[in-house]
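In the working numbering, the protein residues as written are 16 to 206.
Working notes, structure below.
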Ligand code: GRF
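Written out as C-alpha cells, the structure reads:
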C-alpha cells in the first residue's frame, strides 16, 4: 500500500514546492500541507495541494492534538517536515507513530552535516566558521533536536569569497534535489 504524505511548513516552503513538483512529475500523491504560521510565505503561493492552516493559539498540547486529529482523519502515514519551526513533543511523536499502523514515520531536512550544527541558523554558523565544507541531512525525527537516525546526507563545499546569500541559494538547490528522493522511497514504501 502506498503511504499517505503530509508536509509541515512554517515559512517560505521552497522545499515543500520542490517536493510537490517532484510528486506531480512522478505520479506521487501528496495528501496535505499543514502550516502553523498565519504569516507564512507559503500561504501566498499557488500550489498543487492546498495548505491547511492550523495556527498555534497558545497551547502546544491543544495545537498538537488538532494536528493529530487532522492527520488521523486523512490517514497520514508519513510526515515531511519542510522548514517547520516547532519542536514536536515526544507525546506527539509517540502518538503519531502508534496511529493507524506502526509504519508511520516523521522525517526532517536539516541544513548541516549532522551531528554538526544542530538547531537554528546552521548555514550561518557554517558560513562564519573556518570549515571547508558543510552539507544537508535528512533524518528521522525523534524527541531530541536534530538527533534522529540519519537517512541521507549531501556535502556542500565552501567556495572562497562566495557571499552568504549565494551560498544559501546554492545549498537550498541541493536540499531541493535530495529531499524528493526520500519522498519517492517513502511513497512507494521502499524502506
Ligand atoms: C531549509 O533550509 C531546511 O533545511 C530547514 O529549514 C529551511 C526551510 O526552507 N529545516 P524552506 O521553507 O523550505 O524554503
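Glycine included, each C-beta is placed from N, C-alpha and C at the ideal position.
Residue 189 sits in a helix when the DSSP states are folded into three classes. Of the candidates 51, 72 and 79, the residue whose Cα lies closest to the Cα of residue 66 is 51.
The beta carbon of residue 30 sits closer than 7 Å to at least one heavy atom of the ligand GRF.
By the criterion of a C-beta distance shorter than 6 Å, residue 156 is surrounded in its chain by 121, 123 and 163, once the five residues flanking it on both sides are discounted. DSSP links residue 23 through a beta bridge to 49 and 96. A distance criterion of 7 Å places the beta-carbon of residue 45 beyond contact range of the ligand GRF, judged by its closest non-hydrogen atom. One thing to note: residue 168 has its Cβ within 8 Å of the Cβ of residue 128. Taking the Cβ atoms as the reference, residue 158 lies roughly 19 Å from residue 74, outside the contact range of under 8 Å. DSSP places residue 82 inside the alpha helix (DSSP H), whose first and last residues are 75-89. Bounds of the alpha helix (DSSP H) holding residue 106 are 105-113. The Cβ-Cβ distance between residue 113 and residue 92 does not fall below 8 Å. Counting the other CB atoms within 10 Å of its CB gives residue 141 a total of 16 or more, which places it among the buried residues.
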